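Residue 201 in the UniProt record's numbering sits at position 201 of the sequence shown, with consecutive numbering throughout.
Backbone N, C-alpha and C fix where the C-beta goes; we use that ideal spot for every residue, glycine too.
Because the structure is a prediction, the values reported are computed rather than measured.
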Amino acid sequence: GNGRTSLTVLEGTVELANEFGSVSVAEGEAAAASIGSAPTKLVIVAPKDREQMLFFLSARSSFNLLPASSLSSADMRKARSRITAIAPTNRSAEDWLTLAEVSLSYEGRDAALEAATRARGFSLSRAQKARLDLVDALIAGADQRYVEAAQLFAAAAPHLDRPRRAMAEFGGYYARSLADPTRAEIPPAPAGGGPNAAIAEAFTAGFLVDIKAAIAVLEKAERRHPGDPTLPAIRAQFAMLLDDREQMEEGIDKALALDPDDPMALEARSFYRAGYKGDIEGAYADIARAAEIAPGSTTIWNQLGLVQSARGADREAEAALKRAIELDPKDPVSHANLAIHYLDQDRVAEAKAEIDKALEVDPAFDVGLIARGRYHLQTGELDKARDDLLAGTTANPGYSQGLLLLAAGYYESGDLDAAAQALKNADRLDPNDPVISSFRTAIAIDDYDAEAAIDSAQEALRRSRARGGDYASLSANRDAGSLLNNAFRLQGLNAWGRFYGDAVFDPFSGSAFVDQAVSGSPDPFVNDLDYGTDALEPEINNAGFSSFFQGLLLDPQMISGRSRSANLFRRPFLEGSIGGGFVANEGDDAGWTTSAEVQGFAAAPFPISIYGSFSGLKAEDSREQSYFDDGIATDTTFTLEDEDFSGTGYIAAKPTPYDRVVAYVDVRSDVDDIDDFLSSLEPGVFAGAIPFLDDEDVGVALTLYDTAYARQVQDRSMTSGLAWSHAFGYRNMVTAGVFSSGFDQSSEERGTLTFDGIPFYIDTLDPVIDPDTGLPYLFGVLGDATINAEFKQASTTAALSHSLGLEDVTLRYGIEGGRLSQDKSESTVVDYLLGGILSTDLTTETSEYDVSLRAARAYFDVLYEISPTLTVEAGLFGNYLAGETEVFTEVTEDDETESIFQRGEIEEFRAEPRFGVAWEPVAGQWLRGGYIRESGAFASGSLAPAGIVGLQSNQLPLGVTGYSDTFAARWDAEWTDRFFTSLDFQHQEFEDISILVPAGITTIDLQEGRIDRASATANMRLGGGFGAFATFAYADSENQDPDSIGFGGPVPFVPETAARLGLTWVNPANVKVTVAATYVGKRTGDESGTELDPYWTADAFLTWEPFDKRFALELAGYNLLNEEFDVAPYTPGWGRSFVGSFKVRF
């Protein structure tokens, strides 16, 4: 219906013709002819072990191929060097004329026209004028001024020597054919035209016959001209169109042996290295050298742009493609490549301009239609996208990337059956393209098809590595490794996914930093009062937010994504959700949850993403437990009340293609109450004696029966940050940020002790007798303590970092500095009631603690990939702390008051080295080891590297001045595609940690200690959507603080043994179910060494997203068997508990 005919040949040779011309098409080629234009040829090279390669040939390109000079390539360079060494004022007419001819091949049209203008300032012979006409004719033809070009060729030909006349005759043939497609003309057959005439003849044969005919012409010419390097170089390029690698190598080697600097030979080898060897760096070296030698070649600059894009050098790729367009604005290929490059960067408006130009200069250019279809995909115009992609793939149905985009168009429109068929067709045409498998993985993950997701991700990795060269190592396949990470995590095989996330880490990839953040590290302490945390699974640690934020500074748009479908291409959207839920615990306790979320993306005026969330919770949990120890029965009951609200917002944008800005704010309010904490003892326990009111001769012996405790803690916090990154060039980026945080905690605690009191005479210890009963007096005594505290902390940090990649070495260095202030006040009142009579306050204590610190850090980290299987990393951090402390204490006891004021200074510098090595001795076996020293002063507000060779230290609650030394080793082993194991060991020595005590707001502070922890993990794919996981951990710890009452014993709350095993089932009905059992072994529950018994809990989790993910249901059950256990001495843990939420997306 558009007046266009098309044909794709799968076998044999067919001629396509219309009333304006004809072209032959052989297997693997596609040809198209549109009314009013001559045929063009698209050649699809489909190697058996490599993905498709697409080459575009048009008759117009002959004007760029044909030289104006009769000199060989090497002689042209010599002439250029000789002439440019002469001052312009001293150059002759022949010099300028020769320079014009040479410049057309080596410097570009502008340089050729300038030299030609200077030549015309001399008196020229007729032959010299003809040579200038030839230059003008070739320029006119390339500029699509075909009638003018034909006239100039015709005028020049009679007055030229044989080599140049051959160029004029072939140029005239193409110009006349393009000027008048109805014209029928026999191609020229000039004699004695030299190597350049043979090249023109081969080009013509490639159009009129086939590629093999073109090669035959070149082989014949090589026998006549054995010393010309351009002939074998072009033959190698033609051989590439036939996937004839042996001839490609032979032609390239022959050409470079004759002339190591022949630009066409270097260009050919760049094609070969990139397309067949996976040697991107070698391809870059060749094409960069070719561009240096022949800076006027549009094809060389186009290839340089493609190679730079493959390397990830976006800025350099854009510059190269723009240079190609500048040299030849009428070439649709460079316009299309630049458009695709822009689309990769979400620069849709600029991409559309290039697509329009490509179709303007060649309306029959179906790759332009496919690119325009992708443009419409990324602008959200799905109907237009499908129309263009259908038109493009109809014109060229053999192009797998076009069908892949068509599949994406169908998928994004909700036509899943058509998408699956198009994807299947694309894979049939190109079974080696890893992108096809990546698409399948993304769709399978979104469809909850875990088996297909893992299989497709593994296939994507296999295809990517099969390219060899720079792609052969696992670490070189960032995208495939990240996909495998996500696929395995969907199946519940987190350790397996973490292996791939770590192995493919790239400090210039945003997704790599997100994988690093999610990877996290285990927390060896089991001291949570509430359910919801995992005693063995690695979790996001203090460095997690830093890694996540650094990832956003590389790829800010990943902060948002559509929740109801796979994000195959980023397109404008705005999505929200609201939800609510319940919290149900053992007994009648119940609570509620609420949530809301909004996220979106817009491509104009520049790419910008937003994300915001709000959540709220109010819950109550009553707990009780009975104990019998040393003949004393203790009953403990208490009630937990939680009321938590939080809100988070992000704005992430790319105001320019190479600048990124990210801003965030996080606000939280948490109220945690413990009410009616009562411990009753039967029989009572003798607790000592106190004075009897004001009688100095009488004391009261106390027997403790009950303890009561209540607390209310309210935390309010706000953190925020603003950061910017700028890419100077390939693997060269600077980042800067400012982070601030504020934390305000207020608390009130009240403890009451209930005693029976028997008065006695101090001198004789005889009880005081009641004269009315003849029995000793018995009083009820209440001891009461009230603590009111306020804690405020504020910090501001500025950070600046630079990352630079130098071949196999990556340098990361930076500086950070800021201020930290802490203000703490506490008031304690202790009194008692004796027989209902209020005594004078025994003790009143008030304390204030203020600290103001200045912190600075400088760091330098080197990551060196010695080989694809061996990587080392080393770094040095220097931390400086300086500040002042003020402590005021006032104690009132027995009406006497004592005040103490202390002022101190803190100044400390600490060097923190780190080093590590990662080695893959055989495929699938990855060994890592390293040492890390880390401080507690800098936590989330940092842009510094985290961990070493992917190893992150186990989590420790370090104080501001604390630090740890960690020796870590890990062996990850992928034994088959269905079984994986990981062995991990860490030896940690620390100074200054504060361990939170469950049900309290106090901490156990240790100045020194050690934890040795070893763990073994196994992941297995069982098939049918089932995945099994198991982890066992053993820890040996020691409290090495000589001032601690637990000195020499184990570190509190670190279990000696722990285990977790479970099963995850994932089903394409958008269902995921996990059941797990967790074992926590014996551990000490306080500083004095009180031992807590081991326990098992059984948990289950369900996620269901029905109706195209319009709704989301999540259910979780904890401690399903209602196991009784303690989280601290006389502090029972949670019973059977359920949490559920229901979310609606719109």
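For residue 1038 and residue 965, what's the separation of their Cα atoms in angstroms? Whole-angstrom Cα-Cα distance: 15 Å.
With which residues is residue 843 paired in a DSSP beta bridge? In the DSSP secondary-structure assignment, residue 843 is bridged to 830 and 893.
Count the CB pairs spanning the stretch 671 to 685 and the stretch 725 to 739 that are closer than 8 Å, and state whether there are at least three. The stretch 671 to 685 vs the stretch 725 to 739: no contact.
Candidates 849, 1016, 738 and 366: which alpha carbon is nearest residue 817's? That would be 738, whose Cα lies nearest to the Cα of residue 817.
Could you give the distance in angstroms between the alpha-carbon of residue 626 and the alpha-carbon of residue 833? Their backbone Cα atoms lie some 28 Å apart in a straight line.
Under 8 Å between C-beta atoms of residue 1099 and residue 1118: In this structure, residue 1118 lies closer than 8 Å to residue 1099 by Cβ.
Between the C-alpha atoms of residue 903 and residue 797, what's the straight-line distance to the nearest angstrom? In this model, residue 903 and residue 797 are separated by some 25 Å (Cα to Cα).
To the nearest angstrom, report how far apart residue 986 and residue 1021 are at their CA atoms. Rounded to the nearest angstrom, the two C-alpha atoms are 28 Å apart.
Which runs of the alpha helix (DSSP H) spanning at least 4 residues fall entirely within the UniProt repeat "TPR" (298 to 331), listed in chain order? Look at the UniProt repeat "TPR" (298 to 331) and you find these whole runs of alpha helix (DSSP H), each 4 residues long or longer: 298 to 311 and 314 to 327.
Taking the C-alpha atoms as reference points, what is the distance between residue 791 and residue 921? Going from the Cα of residue 791 to the Cα of residue 921 covers about 52 Å.
Buried versus exposed call for residue 12 [16 or more other C-beta atoms within 10 Å across all chains shown]: Residue confidence for residue 12 is low, a pLDDT of 44 falling below 50, so the modelled location carries little weight and cannot support an answer.
Pull up the DSSP beta-bridge partners for residue 726, would you. According to DSSP, residue 726 shares a beta bridge with 659 and 734.
Can you name the residues that DSSP bridges to residue 879? According to DSSP, which records beta bridges pairwise, residue 879 is partnered with 857 and 910.
When the distance is taken between beta carbons, is residue 262 closer than 8 Å to residue 233? In this structure, residue 262 lies closer than 8 Å to residue 233 by Cβ.
Closest residue to residue 820 among 794, 1115, 350 and 502 (Cα-Cα distance): Between residue 820 and the set 794, 1115, 350 and 502, the nearest pair of CA atoms involves 794.
Rounded C-alpha distance that separates residue 1142 from residue 1114: The straight-line gap from Cα to Cα measures roughly 7 Å.
Please return the same chain residues whose Cβ sits closer than 7 Å to the Cβ of residue 126, not counting the five positions on each side in sequence. Closer than 7 Å at the Cβ level, and outside the excluded window around residue 126, lie 159.
In terms of alpha-carbon separation, which member of 1120, 48 and 100 lies closest to residue 243? It is 48.
Drop a sphere of 10 angstroms on the beta-carbon of residue 773, count the other beta-carbons inside from all chains shown, and report buried for 16 or more, exposed for fewer. Flag for residue 773 reads exposed.
Three-state class that DSSP yields for residue 625 in the structure shown: Strand, per DSSP.
Identify every residue that forms a DSSP beta bridge with residue 749. DSSP output for residue 749 lists 711 and 787 as bridge partner(s).
Hey, would you say residue 936 sits closer than 8 Å to residue 917, going by beta carbons? Taking 8 Å as the cut-off, the beta carbon of residue 936 is found no closer than this to the beta carbon of residue 917.
8 Å Cβ shell around residue 998 - same chain, five flanking residues per side excluded: 527, 528, 529, 1127, 1128 and 1131.
Those residues which DSSP pairs with residue 935 across a bridge: Under DSSP, residue 935 shares a beta bridge with 963.
Who are residue 601's beta bridge partners in DSSP? Paired residue(s): 573 and 609.
For residue 620 and residue 831, I'd like the C-alpha separation in whole angstroms. Rounded to the nearest whole angstrom, the C-alpha separation of residue 620 and residue 831 is 31 Å.
Give me the Cα-Cα distance between residue 501 and residue 919, rounded to the nearest whole angstrom. If you take the alpha carbons of residue 501 and residue 919, they lie about 16 Å apart.
Do the CB positions of residue 1011 and residue 1004 come within less than 8 Å of each other? No, the Cβ-Cβ distance between residue 1011 and residue 1004 is not below 8 Å.
Does the stretch 394 to 404 come close enough to the stretch 545 to 564 that 3 or more CB-CB pairs lie under 8 Å? Touching, no.
Determine the burial state of residue 900: buried for a count of at least 16 other Cβ atoms within 10 Å of its Cβ, exposed for fewer. Its Cβ having fewer than 16 others within 10 Å, residue 900 is exposed.
Option nearest residue 194 by Cα separation, candidates 230, 216 and 173: Nearest option by C-alpha distance: 230.
I believe residue 1209 touches residue 881 by the beta-carbon criterion, under 8 Å. Please report the beta-carbon distance rounded to the nearest angstrom. For residue 1209 there is no data in the structure shown, the boundaries of the chain being 1 and 1146.
Tell me the residue span of the alpha helix (DSSP H) that contains residue 204. Here the alpha helix (DSSP H) through residue 204 covers 194 to 208.
Once you ignore the five residues that flank residue 807 on each side, which residues in its own chain have a CB closer than 8 Å to its CB? Take residue 807, set aside five residues on each side of it, and the residues of its chain with a beta-carbon closer than 8 Å to its own are 281, in chain order.
Considering only DSSP beta bridges, list what residue 801 is partnered with. When beta bridges are read from the DSSP output, residue 801 appears opposite 735 and 814.
Looking at residue 378: is its Cβ nearer than 8 Å to the Cβ of residue 571? Yes. Within cutoff.
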